[in-house]
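Asks: Below you will find the structure I want to go over with you.
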Amino acid sequence: MRLQTTTIFDIPFSSMTMEETIIYITKQLHDRQDVFHIVTANPEIVMYTKRDLRFKTAVKKADLITPDGVGLIKASKLLGKPIAERVTGFDMMNNWFTHLSEQETTVSVFLLGARQHVAEKAGRTITSKHPNITLAGCHHGYFKKEDTAQIVEQIQKAKPDILLVALGFPRQEFFIQTYKDQLQVKVAVGVGGSFDVWAGEVQRAPKWIRRINLEWFYRLCMEPSRFHRQLVLIDFVKDVFREWREIKAKKTSSNL
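Residues 1498 to 1753 (my numbering) are what the sequence shown spells out, left to right.
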């Protein structure tokens, strides 16, 4: 299967469905000789790339960028570059683990991020639900810069097939891109706050709220401190409509 992308604000998003994505990354797991880096990007991450060139470079170096946010799906349709569906990091990983277990493929994972007990509990949740997934190791995300080499060495010794990094952006993307040649893993994924959900520390929105694309609002209600972060969505909408007007103007002028 060939990767097809749709570019939004200079970020090449995968336009594959969730099912196609699972098939694609499974192939990478089996075939790749180097680290396959996956970024799950939402509008907040996209807007951050617009003001931080270093972060934008790290994101664009990833091998796969999935659209994690309904705003990106809406924007893609408005801009005439429709993306099939939202592919969130949490759902993608759960679906992938299920797929690997159904194939009776045994893989090992290493969890880096969150508090130590949260990472360990998240690991136990993953392995208990998916018997073919084994836990290669865990390490919390509250480490100092001078401890990084030791953590990279720990991952090297564990030799996991999959590395899940839950350090939040941009830190998780920088970590993977900086050390990918040393990590010796097959697939590395930045998964944000997923460990807290797997560990039961944070509850996802009910399915009916997710179906109507209001999970972001649910999380805001549960965590009011996120309000200042959500303000960037206003800028995202403004930029989408600005680009839409520019596209429309170009089409009008070309028809004159």
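Quick reminder that beta carbons are idealized off the backbone N, C-alpha and C, glycines included.
Give the single residue among D1732, T1749 and W1741 whose Cα lies nearest to the Cα of V1543.
Replies: Position 46 of the sequence shown, counted from the start, is the residue given in the question as residue 1543. The shortest C-alpha separation from V1543 is found at D1732.
Asks: Just checking my contact of F1666 with L1569 at CB under 8 angstroms: how many whole Å lie between their CB atoms?
Replies: Within the sequence shown, the letter at position 169 stands for residue 1666. Within the sequence shown, the letter at position 72 stands for residue 1569. At roughly 15 angstroms, the Cβ-Cβ gap does not stay under 8 angstroms, so F1666 and L1569 are not in contact.
Asks: Just to confirm, are G1610 and A1559 a CB contact at a threshold of 7 angstroms?
Replies: Residue 1610 sits at position 113 when you count from the first residue of the sequence shown. Residue 1559 sits at position 62 when you count from the first residue of the sequence shown. Contact flag unset, no.
Asks: If the criterion is Cβ atoms closer than 7 angstroms, does the pair S1485 and P1657 meet it?
Replies: In the structure as shown, the chain begins at 1498 and stops at 1753. Residue 1485 is therefore absent and cannot be evaluated.
Asks: Determine the direct distance from the alpha carbon of A1538 to that of K1757, and round the result to whole angstroms.
Replies: Past the boundaries of the shown model lies residue 1757; the chain is included only from 1498 to 1753, so the question cannot be answered.
Asks: Span of the beta strand (DSSP E) holding T1563?
Replies: Here residue 1563 is taken as the residue at index 66 of the sequence shown, counted from 1. It spans L1561 to P1564 - the beta strand (DSSP E) in which T1563 sits, taken as one unbroken run.
Asks: Check for me: the beta strand (DSSP E) holding G1610 runs from which residue to which?
Replies: To locate residue 1610, count along the sequence shown from 1; it is residue 113. Segment V1604 to G1610, the beta strand (DSSP E) holding G1610.
Asks: Look at K1553 and T1546 and say whether their C-beta atoms are less than 7 angstroms apart.
Replies: The residue given as residue 1553 occupies position 56 in the sequence shown. The residue given as residue 1546 occupies position 49 in the sequence shown. In contact: K1553 and T1546 (Cβ atoms closer than 7 angstroms).
Asks: Compare the beta carbon distance of V1688 and L1661 with 7 angstroms and say whether it is the shorter of the two.
Replies: Sequence index remark: in the sequence shown, residue 1688 carries index 191 (1-based). Sequence index remark: in the sequence shown, residue 1661 carries index 164 (1-based). Yes. Within cutoff.
Asks: Answer with buried or exposed for E1617, where buried requires no fewer than 16 other C-beta atoms within 10 angstroms of its C-beta.
Replies: As a working mapping, residue 1617 is identified with position 120 in the sequence shown. So E1617 ends up on the buried side.
Asks: Could you tell me how far apart the beta carbons of K1755 and I1508 are, in whole angstroms, since I believe they sit closer than 8 angstroms?
Replies: Any answer about residue 1755 is impossible in this case: the structure gives the chain only from 1498 up to 1753.
Asks: In terms of residue numbering, what span does the beta strand (DSSP E) encompassing V1686 cover?
Replies: Indexing the sequence shown from 1 puts residue 1686 at position 189. Per DSSP, V1686 belongs to the beta strand (DSSP E) from V1684 to G1687.
Asks: Measuring CB atoms only, is the segment 1519-1526 touching the segment 1590-1607, in the sense that at least three cross pairs come out at less than 8 angstroms?
Replies: The way I'd put it, the segment 1519-1526 does touch the segment 1590-1607; three or more beta-carbon pairs between them come closer than 8 angstroms.
Asks: Do S1512 and A1581 have their C-beta atoms within less than 7 angstroms of each other?
Replies: As a working mapping, residue 1512 is identified with position 15 in the sequence shown. As a working mapping, residue 1581 is identified with position 84 in the sequence shown. Yes. Within cutoff.
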